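Below you'll find the structure, written out as structure tokens, and then a few comments.
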Amino acid sequence: MIDIALLREQPDVVRASQRARGDRVELVDEAIAVDASRRAAVATFDALRNEQKVLGKQIGPLQGAVKRGDTSKQAELDALMARAADLSESVAEAERHMRDADEALDAVLREFANIVHPDVPVGGEDDFVVIEHVGTPRDFAAEGITVRDHIEIGTALQAIDIERGAKVSGSRFYYLTGIGALLEFALVQLALEQAQRNGFIPVIPPALVRPAAMEGTGFLGQAAENVYRLEADDLYLVGTSEVPLAAYHMDEILDAASLPRRYVGYSPCFRREAGAAGKDTRGIFRVHWFDKVEMFVYCDPEEAEQRHREILAFERQFLDACEVPYRVIDVASGDLGSSAIRKFDCEAWIPSQERYRELTSTSNCTTFQSRRLRTRMRDASGTRPVATLNGTLVAITRTIIAILENHQQADGSVTVPVALQPYLGGRTELRPV
RNA sequence: GGAGGCGUCGCCUAGUCAGGUCUAUGGCGCCGCACUGCUAAUGCGGUUUGGGGCAAAAACCCCAUCGAGGGUUCAAAUCCCUCCGCCUCCGCCA
1 MIDIALLREQ
11 PDVVRASQRA
21 RGDRVELVDE
31 AIAVDASRRA
41 AVATFDALRN
51 EQKVLGKQIG
61 PLQGAVKRGD
71 TSKQAELDAL
81 MARAADLSES
91 VAEAERHMRD
101 ADEALDAVLR
111 EFANIVHPDV
121 PVGGEDDFVV
131 IEHVGTPRDF
141 AAEGITVRDH
151 IEIGTALQAI
161 DIERGAKVSG
171 SRFYYLTGIG
181 ALLEFALVQL
191 ALEQAQRNGF
201 IPVIPPALVR
211 PAAMEGTGFL
221 GQAAENVYRL
231 EADDLYLVGT
241 SEVPLAAYHM
251 DEILDAASLP
261 RRYVGYSPCF
271 RREAGAAGKD
281 TRGIFRVHWF
291 DKVEMFVYCD
301 PEEAEQRHRE
311 ILAFERQFLD
321 ACEVPYRVID
331 VASGDLGSSA
341 IRKFDCEAWI
351 PSQERYRELT
361 STSNCTTFQS
371 RRLRTRMRDA
381 SGTRPVATLN
391 GTLVAITRTI
401 IAILENHQQA
411 DGSVTVPVAL
421 QPYLGGRTEL
431 RPV
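Position 396 (the first sequence) corresponds to 396 in the numbering used here; numbering is contiguous.
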């Protein structure tokens with residue numbers, strides 16, 4: 001949710017943001033009108049309610065006097081009671097109006113996505129700006145290697161079992177077996193260790209959350225069709241541990257001295273992939289479930305940009321450890337999630353596809369999520385919403401793809417990145433079984 | 001799944017049976033001031049959160065807020081209903 005004060009005081013900033021995202025610009029004036037009528041409704045109710053309370057204070061003692069037998073006050077009491085009865089109806093009506101106006105304002109405010117950062121490249125999905133390339137894709141042809149994709153490699157290693165995943169759970173499901181399963185634990189351990197060195201508190205969060213948590217993090221808006229819902233229990237399966245980590249401090253006021261707070265969560269991620277029919281159907285690139293280690297930071301909004309860069313650096317640190325070539329992109333305005341003002345993606349080179357694909361992603365959500373979740377900070381100057389930021393440390397399936405494909409050898413084996421070796425019992429290579 | 005208890009402004013707590021002097025009590029903690037070689041102690045004042053008004057800030061005023069929502073009433077922390085959460089016991093499962 002955006003700041004209503006910004007809408008009142010700098011509507012042009014909001015208009016520019018709407019324009020950059022390709023969202024409706026007229027929404028700004030609609031919201032301003034709704035805000036004005038809400039304030040009028042509030043003022044009316046407040047005045048009537050005040051009158052009612054003043055009256056109530058007179059009735060109390062008067063009734064006490066009458067009860068004690070002072071019948072001289074009876075007429076005065078009756079008059080007041082009559083007025084109070086009238087007023088009661090007006091108050092009730094004013095309250096209904098106020099409540100309707102509150103809901104209307106809330107509804108219109110929720111239609112706004114976060115205010116796009118001025119440096120974000122304007123445009124659609126393809127209008128991103130490449131910030132940097134790291135590493136160089138191998139020239140497999142020069143090495144005399146016919147590139148195999150992660151399914152071929154993973155099947156030979158008996159690390160990935162797609163067929164049985166489909167048999168048991170349907171398309172876009174898989175089993176990780178043997179070295180595949182070990183690879184997950186190795187990646188998770190490497191990630192958690194790195195994160196702890198960088199000041200993150202490890203968290204195993206719940207992967208099922210109540211509607212308020214899902215709603216508050218902004219996933220029931222434009223992304224709703226990709227969320228699994230358990231109808232019988234009114235719970236949602238999270239698509240990322242960003243959800244339980246963002247909702248962790250819901251309805252809390254954090255001491256400014258305790259910021260920034262850095263959490264790193266490990267959880268399964270469930271995605272319906274409703275809009276992606278026919279897309280990336282091969283292998284484990286796009287699946288309904290995978291495990292992920294996710295960084296989440298609460299900080300003073302003043303520091304948000306700096307913290308964002310920091311998270312990006314942590315993502316790069318991990319990709320460097322995996323020894324895969326990648327590039328960093330500044331995602332274009334039209335492709336930002338509704339909560340983010342800016343998003344950097346790290347895309348790894350996928351040899352079988354001969355292109356860069358998203359492995360990790362970090363978003364600066366400023367105060368957008370915290371307003372909905374009522375997560376605030378308190379310092380000498382008072383209370384105000386905190387900023388929240390998130391970033392992937394390792395999305396298991398895609399990272400396994402990148403490692404298997406980029407480190408494949410002519411004999412069918414896969415070289416293990418040095419940083420991962422200690423977590424794989426010292427293995428330097430993975431061999432077909 | 002069954003039975004019972006509980007939910008008050010950071011923490012603890014009074015108030016709920018008998019609705020109106022509740023503008024929610026007191027303690028702890030915290031902040032400010034005073035006093036004091038320093039610290040401690042003491043005294044005084046302040047200390048939920050959100051919204052609205054005053055052109056802006058401060059001050060001030062008003063409204064809402066006693067787990068959430070609804071109802072009864074001129075009036076609800078207090079009475080009634082529903083829901084949520086926590087605790088205890090029983091059953092079931094691990």
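For glycine and all other residues, C-beta sits at the position ideal for the given N, C-alpha and C.
Computed from a prediction, not measured in an experiment: that's the story for all the values here.
### Query
Using DSSP with H/G/I as helix, E/B as strand and the rest coil, what is Lys343?
Against the first sequence, residue 343 aligns to sequence position 343. Of the three classes helix, strand and coil, the one that applies to Lys343 here is strand, per DSSP.
### Query
Are the stretch 327–339 and the stretch 215–227 touching, with three or more C-beta to C-beta distances below 8 Å?
yes
### Message
Please report the straight-line C-alpha distance between Leu182 and Leu424, rounded to a whole angstrom.
### Response
Against the first sequence, residue 182 aligns to sequence position 182. Against the first sequence, residue 424 aligns to sequence position 424. Whole-angstrom Cα-Cα distance: 7 Å.
### Residue from Ile403, Thr388, Asp46 and Pro118 whose Cα sits closest to the Cα of Leu373
Stepping through the first sequence from its first residue, residue 373 is reached at position 373. Closest option to Leu373, Cα to Cα, is Thr388.
#### Entry: Pair within 9 Å by beta-carbon distance, Arg272 and His288
As a working note, residue 272 is residue 272 in the first sequence. As a working note, residue 288 is residue 288 in the first sequence. Arg272 places its beta carbon less than 9 Å from that of His288.
#### Entry: Helix, strand or coil at His150 [DSSP, three-state]
Here residue 150 refers to the residue found at position 150 when the first sequence is read from its first residue. Helix at His150.
#### Entry: CA nearest to the CA of Leu48, picked from Gln10, Gln18 and Ser90
Your numbering for residue 48 matches position 48 in the first sequence. Considering only alpha carbons, the answer is Ser90.
### Task
In the DSSP assignment, find the unbroken alpha helix (DSSP H) run with Cys365 in it and report its ends.
For this step, residue 365 is matched to residue 365 along the first sequence. Premise fails: Cys365 is in no alpha helix (DSSP H) and is neither H nor E.
### Segment contact, 8 Å Cβ cut-off, at least three pairs: the stretch 346–359 with the stretch 128–146
yes
### Task
Measure the beta-carbon distance from Thr177 to Ala166 and round it to whole angstroms, keeping in mind my assumption that it falls under 8 Å.
By 1-based counting over the first sequence, the position of residue 177 is 177. By 1-based counting over the first sequence, the position of residue 166 is 166. Going by Cβ atoms, the distance from Thr177 to Ala166 rounds to 15 Å, so no, they are not a contact pair.
#### Entry: Close Cβ partners of Gln421 (< 8 Å) along its chain, the five nearest in sequence each way excluded
Within the first sequence, numbered from 1, the residue matching residue 421 stands at position 421. Arg427 and Thr428.
### Message
Cutting at 7 Å between CB atoms, please list the residues of its own chain near Gly412, excluding the five before and the five after it.
### Response
The count along the first sequence starts at 1 and reaches residue 412 at position 412. Same-chain partners within the cutoff: Ala156 and Pro432.
### Task
Report all residues from its chain with a CB closer than 8 Å to the CB of Gly56; omit the five preceding and five following residues, and keep chain order.
Position 56 of the first sequence, counted from the start, is the residue given in the question as residue 56. Counting only Cβ-Cβ distances below 8 Å, and skipping sequence neighbours, we find Ala84.
### Query
Does the Cβ of Ser333 lie closer than 8 Å to at least one heavy atom of the ligand COA?
Absence of the ligand COA is noted for the structure shown, with no ligands found whatsoever.
### Query
Should Glu26 be labelled buried (16 or more other beta-carbon atoms within 10 Å of its own) or exposed?
For the purposes of this step, residue 26 is identified with residue 26 of the first sequence, where counting begins at 1. By the 10 Å Cβ count, Glu26 comes out exposed.
### Query
Closest by CA to Ile204, which one among Pro211, Arg398, Leu230 and Val243?
Mapped onto the first sequence, residue 204 falls at position 204. The shortest C-alpha separation from Ile204 is found at Val243.
### Message
Contact defined as beta carbons within less than 8 Å: I believe Val264 pairs with Leu192. What is the distance between those atoms, to the nearest angstrom?
### Response
For this step, residue 264 is matched to residue 264 along the first sequence. For this step, residue 192 is matched to residue 192 along the first sequence. Right, their Cβ atoms sit about 7 Å apart.
#### Entry: Of the residues Val147, Glu143 and Asp46, the one placed nearest His97, counting alpha carbons only
Locating residue 97 in the first sequence gives position 97, where the first residue counts as 1. It is Asp46 whose Cα lies nearest to the Cα of His97.
### Task
Could you have a look at Glu354 and say whether DSSP puts it in helix, strand or coil?
Here the question's residue 354 lines up with position 354 in the first sequence. DSSP places Glu354 in the coil class of the three-state scheme, outside both helix and strand.
### Task
Return the CA-CA distance between Gly275 and Asn226, expressed in angstroms with no decimal places.
The count along the first sequence starts at 1 and reaches residue 275 at position 275. The count along the first sequence starts at 1 and reaches residue 226 at position 226. Cα-Cα distance, rounded: 8 Å.
### Task
Please say whether Tyr174 and Thr397 have beta carbons closer to each other than 9 Å?
Here residue 397 is taken as the residue at index 397 of the first sequence, counted from 1. Here residue 174 is taken as the residue at index 174 of the first sequence, counted from 1. Going by C-beta atoms, Thr397 is nearer than 9 Å to Tyr174.
### Identity of the residues DSSP links to Met377 by a beta bridge
For the purposes of this step, residue 377 is taken as residue 377 along the first sequence, with counting starting at 1. Met377 pairs with Leu254 and Arg384.
#### Entry: Ile329 vs Phe318 beta-carbon contact at 9 Å
On the first sequence, residue 329 is found 329 positions in, with the first residue counted as 1. On the first sequence, residue 318 is found 318 positions in, with the first residue counted as 1. It is not a contact, given that the beta carbons lie outside the stated cut-off.
### Message
By the three-class DSSP mapping on this structure, what secondary structure does Phe290 have?
### Response
Walking along the first sequence from the start, residue 290 turns up at place 290. Note: Phe290 maps to strand in three-state DSSP.
### Query
Quick one: Cα of Gln52 to Cα of Asp86, how far?
Residue mapping note: residue 52 aligns to position 52 of the first sequence, counting from 1. Residue mapping note: residue 86 aligns to position 86 of the first sequence, counting from 1. Those two C-alpha atoms are separated by around 10 Å.
### Task
Compare the beta carbon distance of Arg110 and Met250 with 9 Å and say whether it is the shorter of the two.
Working through the first sequence from its first residue, we reach residue 110 at position 110. Working through the first sequence from its first residue, we reach residue 250 at position 250. Their beta carbons are not under 9 Å apart, which means Arg110 does not touch Met250 by this criterion.
### Reduced DSSP secondary structure (H/G/I, E/B, other) of Ser17
Walking along the first sequence from the start, residue 17 turns up at place 17. If DSSP states are grouped into helix, strand and coil, Ser17 belongs with the helices.
#### Entry: Chain-order list of residues whose beta-carbon lies under 6 Å from that of Val414 (same chain, five-residue window excluded)
As a position in the first sequence, residue 414 is number 414, starting the count at 1. Cβ neighbours of Val414 beyond the five flanking positions: Leu404, His407, Gln408 and Leu430.
#### Entry: Expected contact under 8 Å - CB spacing of Leu235 and Arg210 to nearest Å
Along the first sequence, one-based indexing puts residue 235 at 235. Along the first sequence, one-based indexing puts residue 210 at 210. Indeed, because the Cβ distance is near 6 Å, the residues count as touching under 8 Å.
### Query
Do Thr366 and Leu254 have their CB atoms nearer than 9 Å?
If you number the first sequence from 1, residue 366 lands on position 366. If you number the first sequence from 1, residue 254 lands on position 254. In this structure, Leu254 does not lie closer than 9 Å to Thr366 by Cβ.
### Task
Give the straight-line distance between the Cα atoms of Pro206 and Leu80, rounded to the nearest whole angstrom.
Numbered from its first residue, the first sequence carries residue 206 at position 206. Numbered from its first residue, the first sequence carries residue 80 at position 80. Rounded to the nearest angstrom, the two C-alpha atoms are 56 Å apart.
### Query
Out of curiosity, what's the CA-to-CA distance linking Val394 and Leu359?
Reading the first sequence from its first residue, position 394 is the one you call residue 394. Reading the first sequence from its first residue, position 359 is the one you call residue 359. About 8 Å.
### Query
Curious, which full-length beta strand (DSSP E) runs of at least 3 residues does the stretch 205–278 contain?
228–230, 235–237, 253–255 and 261–270
### Query
Which value, in whole angstroms, describes the spacing of the CA atoms of Asn36 and Val116?
Position 36 of the first sequence, counting from 1, holds the residue named residue 36. Position 116 of the first sequence, counting from 1, holds the residue named residue 116. Just to set this straight, residue 36 is Ala in the shown sequence, not Asn. Their backbone Cα atoms lie some 25 Å apart in a straight line.
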